[in-house]
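Number of protein chains: 2
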Amino acid sequence: MNNVKIAILGLGNIGQGVWKILNTNSEEILKRSGYKIEVAKILVRDKNKARAVDVPEGLITTNPDDIFNDDSIRIVVELMGGVHPAKDYMIKAIRNKKHVVTANKLAIATEGEEIFKAADEEGVMLYYEASVAGGIPVIHGINESLTANKIQQVMGIINGTTNYILTKMAHEGMDFDSALYEAQQKGYAEADPTSDVDGYDAVYKLAILANLAFGTRVDVNSIYREGIRNIKQVDIQYAKEFGYTIKLLAIVKEIDGALELRVHPTMIPSRHPLANVNDSFNAIFIKGNAVGDLMLYGRGAGDLPTGSAVVGDIISILRNNIDLSSSNASRNNHWSMDVNNIEYAQSEYYIRITVRDVPGVLGRISTIFGDNNVSLSTVIQKGNSKDFVPLVFITHKTSEGDMRKAIKAIEGLQSVLRIENIIRVENSAI
Amino acid sequence: MNNVKIAILGLGNIGQGVWKILNTNSEEILKRSGYKIEVAKILVRDKNKARAVDVPEGLITTNPDDIFNDDSIRIVVELMGGVHPAKDYMIKAIRNKKHVVTANKLAIATEGEEIFKAADEEGVMLYYEASVAGGIPVIHGINESLTANKIQQVMGIINGTTNYILTKMAHEGMDFDSALYEAQQKGYAEADPTSDVDGYDAVYKLAILANLAFGTRVDVNSIYREGIRNIKQVDIQYAKEFGYTIKLLAIVKEIDGALELRVHPTMIPSRHPLANVNDSFNAIFIKGNAVGDLMLYGRGAGDLPTGSAVVGDIISILRNNIDLSSSNASRNNHWSMDVNNIEYAQSEYYIRITVRDVPGVLGRISTIFGDNNVSLSTVIQKGNSKDFVPLVFITHKTSEGDMRKAIKAIEGLQSVLRIENIIRVENSAI
Numbered sequence: 001m002n003n004v005k006i007a008i009l010g011l012g013n014i015g016q017g018v019w020k021i022l023n024t025n026s027e028e029i030l031k032r033s034g035y036k037i038e039v040a041k042i043l044v045r046d047k048n049k050a051r052a053v054d055v056p057e058g059l060i061t062t063n064p065d066d067i068f069n070d071d072s073i074r075i076v077v078e079l080m081g082g083v084h085p086a087k088d089y090m091i092k093a094i095r096n097k098k099h100v101v102t103a104n105k106l107a108i109a110t111e112g113e114e115i116f117k118a119a120d121e122e123g124v125m126l127y128y129e130a131s132v133a134g135g136i137p138v139i140h141g142i143n144e145s146l147t148a149n150k151i152q153q154v155m156g157i158i159n160g161t162t163n164y165i166l167t168k169m170a171h172e173g174m175d176f177d178s179a180l181y182e183a184q185q186k187g188y189a190e191a192d193p194t195s196d197v198d199g200y201d202a203v204y205k206l207a208i209l210a211n212l213a214f215g216t217r218v219d220v221n222s223i224y225r226e227g228i229r230n231i232k233q234v235d236i237q238y239a240k241e242f243g244y245t246i247k248l249l250a251i252v253k254e255i256d257g258a259l260e261l262r263v264h265p266t267m268i269p270s271r272h273p274l275a276n277v278n279d280s281f282n283a284i285f286i287k288g289n290a291v292g293d294l295m296l297y298g299r300g301a302g303d304l305p306t307g308s309a310v311v312g313d314i315i316s317i318l319r320n321n322i323d324l325s326s327s328n329a330s331r332n333n334h335w336s337m338d339v340n341n342i343e344y345a346q347s348e349y350y351i352r353i354t355v356r357d358v359p360g361v362l363g364r365i366s367t368i369f370g371d372n373n374v375s376l377s378t379v380i381q382k383g384n385s386k387d388f389v390p391l392v393f394i395t396h397k398t399s400e401g402d403m404r405k406a407i408k409a410i411e412g413l414q415s416v417l418r419i420e421n422i423i424r425v426e427n428s429a430i
Numbered sequence: 001m002n003n004v005k006i007a008i009l010g011l012g013n014i015g016q017g018v019w020k021i022l023n024t025n026s027e028e029i030l031k032r033s034g035y036k037i038e039v040a041k042i043l044v045r046d047k048n049k050a051r052a053v054d055v056p057e058g059l060i061t062t063n064p065d066d067i068f069n070d071d072s073i074r075i076v077v078e079l080m081g082g083v084h085p086a087k088d089y090m091i092k093a094i095r096n097k098k099h100v101v102t103a104n105k106l107a108i109a110t111e112g113e114e115i116f117k118a119a120d121e122e123g124v125m126l127y128y129e130a131s132v133a134g135g136i137p138v139i140h141g142i143n144e145s146l147t148a149n150k151i152q153q154v155m156g157i158i159n160g161t162t163n164y165i166l167t168k169m170a171h172e173g174m175d176f177d178s179a180l181y182e183a184q185q186k187g188y189a190e191a192d193p194t195s196d197v198d199g200y201d202a203v204y205k206l207a208i209l210a211n212l213a214f215g216t217r218v219d220v221n222s223i224y225r226e227g228i229r230n231i232k233q234v235d236i237q238y239a240k241e242f243g244y245t246i247k248l249l250a251i252v253k254e255i256d257g258a259l260e261l262r263v264h265p266t267m268i269p270s271r272h273p274l275a276n277v278n279d280s281f282n283a284i285f286i287k288g289n290a291v292g293d294l295m296l297y298g299r300g301a302g303d304l305p306t307g308s309a310v311v312g313d314i315i316s317i318l319r320n321n322i323d324l325s326s327s328n329a330s331r332n333n334h335w336s337m338d339v340n341n342i343e344y345a346q347s348e349y350y351i352r353i354t355v356r357d358v359p360g361v362l363g364r365i366s367t368i369f370g371d372n373n374v375s376l377s378t379v380i381q382k383g384n385s386k387d388f389v390p391l392v393f394i395t396h397k398t399s400e401g402d403m404r405k406a407i408k409a410i411e412g413l414q415s416v417l418r419i420e421n422i423i424r425v426e427n428s429a430i
């Protein structure tokens, strides 16, 4: 039996989960890794904060140098979140020849290049399975299992908060605000839900997935982003009527050698496996040219699921021979690929418009769509208001650019009150 | 760029898939592994057999010693299937210090101990991702990603043929024979479908999964096995009425330190992720004490999906440093666990009985259930036949032993014509 000392930076939700797993499953971990893992130090901001786990006082420190300068500590587990000071701490650990495990999507997505470079230079391992989709081994999956594939497409439900909200809206008829409120009450959404409901969280995770799947660095700012605030109960109902389910999808596809990257609410066929991913569950649907369709489903957040990924990474380091230099380099190639402007992205669309109920309005709108190369597959007119009626269109595949031109012209019509919603439809998902 | 020579034993469906992937994706494989993989020899039984892939004649051999005695060949890929001579060939390759990749569920499930022992002794790597669920990285998942977990339960749809048949029966109202015929026409089922429809194929795969998840050898003969031949359209309809979907599940659970292992048709709640796994797709649903619920979904068979797993294993060997000795040992611990007799297994049950339509029959049957500790949750009596009517029961959780005693007594009743079907119900699956 070998002994290995590790340090944990941060004792929040995930840090406490890691502590619990290391203690509860110590026997399994020893059997699988050959090591007894000893937590030698835990960095916290406030020593006196009440915590749900019972950690010996002597392990707690507020001074990061206690960790960086301790040569007996071989692995540093960064669970602070945020870019600063997490990034500097990771690099400092790396420069002190410590292997690093992190759950930090923001730091990896935005500062990954610098952190990976440092790890390559020092020959240490850097693992970050927990940074995307919590307990789901998607990074391992792409990085270690699907290596024989040319990956063609990754589509994921990688934000549990928005999936919880959309599930409540679809299954219980709630409106967005009530569903958000319930998510907040249950601890699935923050007091300020911006990062989740406006799609930022999914953008960071998609950048990491795209990097892995296509071996190319992705600037988070190059990812098209649209959140779920504008999804109305009526859109959910129309979707159902057409055989679709609305999910916030993070999508990366290779189109003729360039990448298309986008995070937005999407109507997918209700029989698609992703459509049946409910509540706060996450799932990633991958198309590879050999494996075909593959989906990984599970808990995308939470102390224990995320801790499962963190501790799994620690065990990977121990099994990979902790004394060896890293082979990260070959796993993080920087093949350079262009990112397509969203204007060129092809999609089908659902468009809901409120119009004045006057003769000829449908004709005028349809003509504008046609003039802009947008071909319609379905048109529905319903409603009982005397003055205004909803018009709903589903289009065939068209480019975002053509769609925007058409919408702009339609908005200019006197008989159009409002473009209520535009939601992309992914039939090619199946 | 390094060069590595490999040999393939067998050029059937999977062998041809591997050949295609190595050629089509050679650029990706080189980037990810750092190696150019050269197929130096392919062992076949018949040199003159027509094949869909165009393999240079010089690579083909019918003499295995051309491979075992060639020191320049570092990896042997066994894709012959069956125990003999595949097992001996694998061991011969291992004794000649070659790493081995195999897709052979039968050899690993029944002769794995001897093959692993040889690999440990020679310090070579032995990978077998393709032996269970084709392209789905479930072995990698359990072995490398879920290492931080105490796994509590694995439930899988791991036979595509039966899942295709059950899907056709459920979605298109086919009876078993028509669905089997269609599966055979489409190449999903063999002319002799015994191995698939009677559950043998799933038993082998479950033995491998149980070994990985619980670190213990499992004798395939200790696995309870029941196929899908007796599933009638009427059972599918009743299941739907009760909110269930019938799937052939392979299940392993830990119950108080012992394993419960079984392969049988199972009614699972229709909202369970496994219930939505259709056609020939496979999926494995895993419960770990840290990760919670995790499901891996994808293609369980086919030349390219299975080839994806095989080539992924080759790349794993190259990345693990082909010149190092193996760390297989720590990954195939033989913790010894008992296997519970099926009599002790707890389950809910669906029971369909045809009875004579005489007064008191329901009372007599219900009394027998009660006398044997079988408590009923639902009873349905339908039917329009004058003389015979179907009775359908769903029970609460009960032991297999008690159920068998009850059934035996019920069969003895004069008013009972036939016990038509008994199907286990897994509500705890959610």
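Keeping their order, the protein sequence lines are chains W and E. According to the UniProt record's numbering, the residues represented by the first sequence are 1 to 430, in order. According to the UniProt record's numbering, the residues represented by the second sequence are 1 to 430, in order. Just so it is clear, CB atoms sit at the ideal spot from N, CA and C, and this is done for glycine as well. All values reported here derive from a predicted model rather than from experimental measurement.
{"Asked": "Here's the rule I'm using: 16 or more other beta-carbon atoms within 10 Å means buried, otherwise exposed. How should W:I351 be labelled?", "Found": "buried"}
{"Asked": "Answer yes or no: do E:I158 and E:A130 have a C-beta to C-beta separation smaller than 8 angstroms?", "Found": "no"}
{"Asked": "Using alpha carbons as the reference points, say which of E:D256, E:L126, E:L304 and E:V252 lies closest to E:R74.", "Found": "E:L126"}
{"Asked": "Using the beta-carbon count (16 or more within 10 Å), is W:R356 buried or exposed?", "Found": "exposed"}
{"Asked": "According to a CB-to-CB cut-off of less than 7 angstroms, which residues of the stretch 268 to 288 of chain E neighbour chain W?", "Found": "P273, N276 and G288"}
{"Asked": "Quick check: the stretch 4 to 19 of chain E against the stretch 372 to 392 of chain W, are there 3 or more CB pairs under 8 angstroms?", "Found": "no"}
{"Asked": "Mind pulling the beta strand (DSSP E) runs of 3 or more residues that sit fully within the UniProt domain \"ACT\" (350 to 424) of chain W?", "Found": "376 to 381 and 388 to 395"}
{"Asked": "Given E:S327, which residues of its chain have a CB within under 6 angstroms of its CB, disregarding the five upstream and five downstream residues?", "Found": "Its pLDDT being 49, under 50, E:S327 is placed unreliably in this model, and the value from its coordinates should be taken loosely. Closer than 6 angstroms at the Cβ level, and outside the excluded window around E:S327, lies no residue."}
{"Asked": "Counting along the chain, where does the alpha helix (DSSP H) carrying E:D65 start and finish?", "Found": "D65 to F68"}
{"Asked": "Name the chain W residues whose beta carbon is nearer than 7 angstroms to that of E:M295?", "Found": "Y297 and G298"}
{"Asked": "Could you tell me the boundaries of the beta strand (DSSP E) in which W:V291 lies?", "Found": "Where W:V291 is concerned, there is no enclosing beta strand (DSSP E), given that its DSSP letter is neither H nor E."}
{"Asked": "Can you confirm whether the stretch 258 to 266 of chain W touches the stretch 232 to 249 of chain W when touching is taken to mean that 3 or more C-beta pairs between the two stretches lie within less than 8 angstroms?", "Found": "yes"}
{"Asked": "Taking the alpha helix (DSSP H) that W:L212 falls in, what are its first and last residues?", "Found": "Y200 to F214"}
{"Asked": "Look at E:K409 and E:V374 and say whether their C-beta atoms are less than 8 angstroms apart.", "Found": "Position check: residue 409 of chain E holds Ala in this sequence, whereas Lys was assumed. Taking 8 angstroms as the Cβ cut-off, E:A409 and E:V374 do not qualify as a contacting pair."}
{"Asked": "Measuring CA to CA, which of E:R299, E:G307 and E:S336 is closest to E:L212?", "Found": "E:S336"}
{"Asked": "Helix, strand or coil: which one does DSSP assign to residue 466 of chain W?", "Found": "Absent from the model: residue 466 of chain W. The displayed extent of chain W is 1 to 430, so no value can be given."}
{"Asked": "If E:N276 sits next to W:P64, beta carbons under 8 angstroms apart, how far is it from one beta carbon to the other, in whole angstroms?", "Found": "Not really, about 47 angstroms apart at Cβ, beyond 8 angstroms."}
{"Asked": "Within this structure, are the beta carbons of E:I151 and E:Y224 separated by less than 8 angstroms?", "Found": "no"}
{"Asked": "For W:G298, count neighbouring Cβ atoms within 10 angstroms of its own Cβ and tell me buried if that reaches 16, exposed if not.", "Found": "buried"}
{"Asked": "Cutting at 8 angstroms between CB atoms, please list the residues of its own chain near residue 439 of chain W, excluding the five before and the five after it.", "Found": "There is simply no residue 439 of chain W to check, as chain W begins at 1 and stops at 430 in what is shown."}
{"Asked": "Would the stretch 303 to 314 of chain E count as touching the stretch 177 to 194 of chain E if we require 3 or more Cβ pairs under 8 angstroms?", "Found": "no"}
{"Asked": "From the beta carbon of W:N149, is the nearest beta carbon of chain E less than 8 angstroms away?", "Found": "yes"}
{"Asked": "Going by DSSP in three states, E:P269 sits in which element: helix, strand or coil?", "Found": "strand"}
{"Asked": "Taking the CB atoms as reference points, tell me whether E:I365 and E:I419 lie closer together than 8 angstroms.", "Found": "no"}
{"Asked": "Is W:S308 close to chain E? Criterion is C-beta to C-beta, closer than 8 angstroms.", "Found": "yes"}
{"Asked": "Could you give the distance in angstroms between the alpha-carbon of W:S195 and the alpha-carbon of W:M267?", "Found": "22 angstroms"}
{"Asked": "In terms of alpha-carbon separation, which member of E:E348, E:F242, E:I165 and E:M80 lies closest to E:G401?", "Found": "E:E348"}
{"Asked": "Does chain W have any CB closer than 8 angstroms to the CB of E:E144?", "Found": "yes"}
{"Asked": "Would you kindly work out how many angstroms separate the C-alpha atoms of E:E114 and W:N320, rounded to a whole number?", "Found": "25 angstroms"}
{"Asked": "Suppose the cutoff is 7 angstroms on Cβ atoms and the five residues either side in sequence are ignored; what does the same chain contact list for W:A189 look like?", "Found": "T161, L180, A183 and D196"}
{"Asked": "Which residues, taken in chain order from the stretch 24 to 38 of chain W, show a beta carbon closer than 9 angstroms to some beta carbon of chain E?", "Found": "T24, N25, E27, E28, I29, K31, R32, S33 and G34"}
{"Asked": "Mind listing, in chain order, the continuous beta strand (DSSP E) runs of no fewer than 3 residues lying wholly within the stretch 122 to 191 of chain E?", "Found": "151 to 157"}
{"Asked": "So which of E:Y238, E:N278 and E:E241 has the shortest CA-CA distance to E:Y164?", "Found": "E:N278"}
{"Asked": "I think E:V154 touches E:V252, with their Cβ atoms under 8 angstroms apart; what is that distance to the nearest whole Å?", "Found": "5 angstroms"}
{"Asked": "What residues from chain E crowd round W:I136, counting only those whose CB sits closer than 7 angstroms?", "Found": "L294"}
{"Asked": "Is the shortest distance between the beta-carbon of E:A103 and the beta-carbons of chain W less than 8 angstroms?", "Found": "no"}
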